[in-house]
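*Asks:* For reference, the structure I am asking about is given below.
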Amino acid sequence: MGVELDFISEDIFKSMTLEDKIDYIIENVKKDKIIIVDGSMNPKDQSRLITETMNKIDKDFPGIEISTLQRETNQKWWREKAIQMLGGSSGGLTVIGPSKLVKKIKRQRQKITMMAEAGKKDAA
């Protein structure tokens, strides 16, 4: 059994409420998918996702692993904020996966390295 990766456009998440984003993420991670979002998830939203995930942990769902990579920018802070307020891309990348598949995540300044191992199917 392989590891399934879903690459999600930031535009899709922009049109969702925070609750819809969290539901989408948890629903797909429970299906043993690793989600890669084109865009960084802010710390407040990450915290809410982790809180909601912890409420759903059981023997079949051990939780999630998450890492966000912020875009390096040479632009002035105020200019970057103005671009974001006008609907421009915040840049970055967010990787979210089920704890039972994600063995290790290492975030460096400009990259995320993830080690994942596919779960074993029960013999029928």
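Residue 163 is where the sequence shown starts when you use this note's numbering, and the numbers rise one by one after that. Think of the CB as a built atom: it goes at the ideal place given N, C-alpha and C, for glycine as much as any other residue. Please read these numbers as outputs of a predicted model, since none were measured by experiment.
Check each candidate in Val264, Glu172, Thr275 and name the one with the smallest Cα separation from Gly164.
*Replies:* Comparing Cα positions, the closest option is Val264.
*Asks:* Just to confirm my understanding: we take Lys195, look at its own chain, exclude 5 residues before and 5 after, and list those with CB closer than 6 Å. What are they?
*Replies:* Excluding sequence neighbours, Lys195 sits near Glu166, Asp168.
*Asks:* Cutting at 7 Å between CB atoms, please list the residues of its own chain near Glu279, excluding the five before and the five after it.
*Replies:* Within the same chain, Glu279 has close Cβ partners Leu263, Lys265.
*Asks:* For Phe223, collect the residues of the same chain with a Cβ closer than 6 Å to its Cβ; drop the 5 residues on either side in sequence, then sort them by chain order.
*Replies:* So the qualifying residues of the chain are Lys192.
*Asks:* Please tell me whether Glu227 and Gly201 are closer than 8 Å, where the distance is taken between their beta carbons.
*Replies:* Not closer than 8 Å, so no.
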